[in-house]
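Residue numbers (mature numbering (1 follows the signal peptide of the UniProt record, and there is no 0)): -21 to -1, 1 to 313.
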């Protein structure tokens, strides 16, 4: 088994005392649990410390081991799949040009399309007009999502400012499908789900059958912990390297910056500081989140109500405060 060890105790809390000198105490986690209870939108929270699950709470929605729609947190998972594809030789590197794999729409005549790299897609620096926000509805109503995203006008240079766009992630999904000869689902199961011993059900596809890149993946909170632990352990699980040497460091290097939060963005991960620590996180609509805090050996998975209306960025600030509160409590304890 390549899963973390799960020992279920109560309906709401699971605390496993370990022999580690810096394990988080039951009292700290129980006190923190009161903060969680105040956030009614939250469905589940799972915390792993030094690779051991030390806390679980389920207060709505699918269960802790049941796949849930993680919305745009899928972008973080897709970035992990891109890394696994490099390790497996499916694609060359983040520097590989998109045009070396995907055909470019005939009506995309801007020469900058030749410069677009896989890394630009991962870091949301494609330079192409966004398909998210006000453009989203028209994009998903188009008859070819990949062509629509690739044919959009350039509003910046490839490698320029961060332009958060699900279209960039969907181009990446199509690229992985083309390069591997497998669907994104089959590739993700082979390179990530099977080695990590997690379940990955099918999720929606575009009109051409390409699995939605960057949205609507289904993963349980415990499965998300496994993704986070893979990154916390530098791409290695049970002695097997799934992500290339240096991939995690490159993924956590800020390349662009969110215009809404000011947080940095690497390859599928936001970069910030909470309670004096470097924190790396992925996020999805409605409050889906995955946090990795390497210096504290912590991985935190959060699922929430994915249905609109969503409190948006305000709720993300609430999740940041929740994580900060645990870091502060743990620091005080030691």
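Just so you know, even glycine gets a beta-carbon here, dropped at the ideal spot from N, CA and C.
These numbers come from a predicted model, not from an experiment.
Contacting residues, own chain, Cβ-Cβ under 6 Å from residue i (five flanking each side not counted)
i	result
residue 185	124
residue 181	164
residue 177	202, 205
residue 307	254
residue 274	256
residue 93	78
residue 109	142, 144
residue 44	199, 201
Given residue i as reference, the closest of the options once Cα atoms are compared
i	options	result
residue 54	121, 148, 77	148
residue 189	238, 122, 64, 176	122
residue 285	40, 2, 138, 45	40
residue 239	231, 135, 249	249
residue 139	198, 169, 98	98
residue 225	274, 62, 175	62
residue 300	18, 38, 25, 174	18
residue 135	95, 118, 277	95
residue 76	114, 115, 137, 16	137
residue 29	3, 20, 36, 12	3
residue 227	209, 32, 236	209
residue 131	88, 231, 74, 113	88
residue 267	45, 282, 16	282
residue 265	38, 220, 20, 278	20
Buried or exposed by the 16-neighbour rule on C-beta atoms within 10 Å, applied to residue i
i	result
residue 302	buried
residue 23	buried
residue 194	buried
residue 10	exposed
residue 145	buried
residue 152	buried
residue 241	exposed
residue 106	buried
residue 288	exposed
residue 309	buried
residue 293	exposed
residue 252	exposed
residue 117	exposed
residue 173	exposed
residue 74	exposed
residue 16	exposed
residue 86	exposed
residue 90	exposed
residue 35	buried
residue 68	exposed
residue 112	exposed
8 Å CB neighbourhood of residue i in its chain, flanking five on each side removed
i	result
residue 126	84
residue 223	62, 65, 66, 214
Same chain, Cβ closer than 7 Å to residue i, neighbours up to 5 away in sequence not counted
i	result
residue 234	102, 104, 244, 245
residue 162	156, 190
residue 269	52, 55, 203, 206, 207, 260, 261, 280
residue 80	154, 157, 158
As assigned by DSSP and simplified to three states, the class of residue i
i	result
residue 89	coil
residue 122	coil
residue 110	coil
residue 232	coil
residue 169	helix
residue 43	coil
residue 5	helix
residue 147	helix
residue 31	strand
residue 162	coil
residue 23	strand
residue 49	coil
residue 271	strand
residue -1	Any reading at residue -1 must be qualified, since the residue scores a pLDDT of 39, below 50, and its modelled position is unreliable; the value itself is stated next. Note: residue -1 maps to coil in three-state DSSP.
Which ranges would you report for the beta strand (DSSP E) in the segment 274 to 303 if only whole runs of at least 3 residues count?
As far as the segment 274 to 303 is concerned, its whole beta strand (DSSP E) runs of at least 3 residues are 277 to 283.
Go through the segment 183 to 269 residue by residue and report every complete run of the alpha helix (DSSP H) that reaches 4 residues or more, in order.
The alpha helix (DSSP H) runs of length 4 or more contained entirely in the segment 183 to 269 are, from start to end of the chain, 200 to 211, 226 to 230.
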